[in-house]
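**Q** I am attaching a structure below and will ask some questions about it afterwards.
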Amino acid sequence: MKALWKEIAGRGLALKETPIPRVGDDEALIKVKVASICGTDLHIYVWNDWAKGRIKPPIIAGHEFAGTVVEVGENVRRVKKGDFVSAETHIYCGHCFQCLIGHPEICENLKILGVDINGAFAEYVAVPEKVLWVNSPTIKEEFASIQEPLGNAVDTVLAEDIAGKTVLLTGAGPIGLLGVGVARAFGATKIIVSDLSDYRLDIAKKMGADVVVNAKSVDVKKIVLDETHGHGVDVGLEFSGSAHALNDLLKSVRPGGRVSLLGLFDNSVSIDFNDDVIFKKIRIYGITGRRIFETWNIVSNLLNSGRLDVSPVITHKFPLEEFGKGMELMETQMSGKVLLIP
Ligand code: NAD
Ligand code: ZN
264 MKALWKEIAG
274 RGLALKETPI
284 PRVGDDEALI
294 KVKVASICGT
304 DLHIYVWNDW
314 AKGRIKPPII
324 AGHEFAGTVV
334 EVGENVRRVK
344 KGDFVSAETH
354 IYCGHCFQCL
364 IGHPEICENL
374 KILGVDINGA
384 FAEYVAVPEK
394 VLWVNSPTIK
404 EEFASIQEPL
414 GNAVDTVLAE
424 DIAGKTVLLT
434 GAGPIGLLGV
444 GVARAFGATK
454 IIVSDLSDYR
464 LDIAKKMGAD
474 VVVNAKSVDV
484 KKIVLDETHG
494 HGVDVGLEFS
504 GSAHALNDLL
514 KSVRPGGRVS
524 LLGLFDNSVS
534 IDFNDDVIFK
544 KIRIYGITGR
554 RIFETWNIVS
564 NLLNSGRLDV
574 SPVITHKFPL
584 EEFGKGMELM
594 ETQMSGKVLL
604 IP
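So that you can map any letter, position 295 of the sequence shown is 558 in my numbering, and since no number is skipped, the others follow by simple counting.
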């Protein structure tokens, strides 16, 4: 089969002819129909500091995908040949303290598909049954391939109720853009989105943003106050990983409001805890991964019902061989979600 390997500690990935993986007793072998490039894959491709510390080449990258089960291991019961599946990429152990108390997303022995074990940028991938999610056969393959990041967005937006709320969402990257659609689908009343890219802000409008602001040229907090009768927004959603955006967000949320943080910062950040958090009595949620499988159920329902149309976020599609074009678009941020077809 064709597979996209991280072969060496350095920039790039290599497409190589590779044996089809052998399916373990607890695994299913999946023929990958569509894979989607995540920011993590880009980090592995460019070989940033995180990748240097975490990735041990050689490994097949990729973890967001949809495909068909072609073979199952001896102990597999829940999925069968022919099922159309995607996967939770957080491979939890199932027996640590966090798993036992119902939080596998923060498992103490977490392994990640395409990071710790061979991933989905290939014609076939072997995945443990316990992390497989069986999709409705009627859902579009392209949409099914981005349910994992859509789950990030769902958890960030729905950490508390969003219906009837005014929202500032910082960072209109692929996941933030999905977050705009989720906030809209669940009944947010005014959605203000900030980014540095007009290209991405245009997609945010298509996803349901009411007001878009380019943080390069305007004072985000001033716009938010103008748009909310001087009160500030009820909810702040951070999807950028920018310290600047985090400060915009904390200053734009009204006293008593809620903030959810998904974006990952390159370094530790400085915020004014007294004035922007404590005296404002706001609630801050750190979000990691998704609730397994509660979030997947919500994501499936959103896509199956047609309540959420994610098509504006999917901007490019390439054959696996042309992965370089996809990575370049992601690197220059001139894309939403980029899909690869093995
Ligand atoms: P991305 O890097 O493609 O998007 C980030 C966006 O933020 C970009 O469009 C950029 O222009 C914008 N931005 C930068 N500075 C800004 C500022 N000052 N104000 C407003 N916008 C600004 O990322 P993505 O793939 O959409 O992922 C979003 C974030 O979520 C990333 O930080 C990623 O690392 C993180 N993430 C976290 C988890 C988790 O489990 N917590 C999972 C996946 C991704
Ligand atoms: Zn565990």
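We put the CB at the ideal spot given by N, CA and C, even for glycine.
Just so you know, these numbers come straight off a predicted model, no measurement behind them.
Using the three-state DSSP reduction, which class does H507 fall into: helix, strand or coil?
**A** Residue state, collapsed to three classes: helix.
**Q** Have a look at G439, L500, E327 and flag the residue whose alpha-carbon is nearest the alpha-carbon of L305.
**A** When each option's Cα is compared against that of L305, the closest is E327.
**Q** At a cut-off of 8 Å, is G275 close to the ligand COA when judged by its beta-carbon and the heavy atoms of the ligand?
**A** The model on display carries the ligand NAD and the ligand ZN but not the ligand COA.
**Q** By a C-beta neighbour count over all protein chains shown, 10 Å radius and 16 as the cutoff for buried, is V485 buried or exposed?
**A** Position check: residue 485 holds Lys in this sequence, whereas Val was assumed. Burial call: exposed.
**Q** Please go through the segment 440 to 521 and give each complete alpha helix (DSSP H) segment of 4 or more residues, from N-terminal end onward.
**A** Segments of the alpha helix (DSSP H) lying fully in the segment 440 to 521: 461 to 469, 483 to 490, 506 to 515.
**Q** Which residues in the same chain as A422 place their Cβ atom closer than 8 Å to its Cβ, once the five residues preceding and following it in sequence are excluded?
**A** If we look at A422 and ignore the five residues flanking it on each side, its Cβ neighbours are R521, S523, Y548, I550.
**Q** Return the first residue and the last residue of the beta strand (DSSP E) that V332 is part of.
**A** Taken as a continuous stretch (DSSP letters only), the beta strand (DSSP E) holding V332 covers 327 to 335.
**Q** Excluding five sequence neighbours on each side, which residues of the same chain lie with their C-beta closer than 6 Å to the C-beta of R517?
**A** Taken in chain order, the residues that qualify are H494, G495.
**Q** With DSSP as the reference, please indicate the residues paired to P284 in a beta bridge.
**A** None, per the DSSP bridge assignment.
**Q** Using the three-state DSSP reduction, which class does R546 fall into: helix, strand or coil?
**A** DSSP places R546 in strand when its eight states are reduced to three.
**Q** Is P391 near E290, with beta carbons less than 9 Å apart?
**A** It is a contact, given that the beta carbons lie within the stated cut-off.
**Q** Among all the DSSP beta bridges, which residues are the ones paired with H579?
**A** V601.
**Q** Is it buried or exposed for P400, if we count other Cβ within 10 angstroms and need 16 for buried?
**A** Exposed, by the Cβ-count rule.
**Q** Which word fits P605, buried or exposed, when buried means at least 16 other C-beta atoms lie within 10 angstroms of its C-beta?
**A** Buried: at least 16 other Cβ atoms inside 10 Å.
**Q** To the nearest whole angstrom, what separates the beta carbons of W396 and A350, a pair I think is in contact under 8 Å?
**A** Right, the Cβ-Cβ distance comes to about 7 Å (below 8 Å), so this counts as a contact.
**Q** Taking 8 Å as the cut-off, is the beta-carbon of M593 closer than that to any non-hydrogen atom of the ligand NAD?
**A** Yes, the Cβ of M593 comes within 8 Å of a heavy atom of the ligand NAD.
**Q** For H358, which of helix, strand or coil comes out of DSSP?
**A** H358: coil per DSSP, three-state reduction.
**Q** With DSSP as the reference, label S523 as helix, strand or coil.
**A** S523 falls in the strand class under three-state DSSP.
**Q** Rounding to the nearest angstrom, what Cα-Cα distance links G499 and D482 in this structure?
**A** In a straight line, the C-alpha of G499 is about 16 Å away from that of D482.
**Q** Cα-Cα, which of L565, R341, R274, V297 is closest to M590?
**A** Among L565, R341, R274, V297, the Cα nearest to that of M590 is on R274.
**Q** Three or more C-beta pairs under 8 Å: does that hold for the segment 403 to 421 against the segment 309 to 325?
**A** Segments in contact, no.
**Q** Below 8 Å on the Cβ atoms is my guess for K428 versus D497; work out the distance and round it to an integer in Å.
**A** Yes, K428 and D497 are in contact; Cβ-Cβ is about 4 Å, under 8 Å.
**Q** Can you check whether the CB of G471 is closer than 9 Å to the CB of A446?
**A** Yes, the pair counts as a contact, with Cβ atoms nearer than the cut-off.
**Q** Relative to the alpha-carbon of G302, which residue among S574, M597, M593 has its alpha-carbon at the smallest distance?
**A** Measuring from the Cα of G302, the nearest candidate turns out to be M593.
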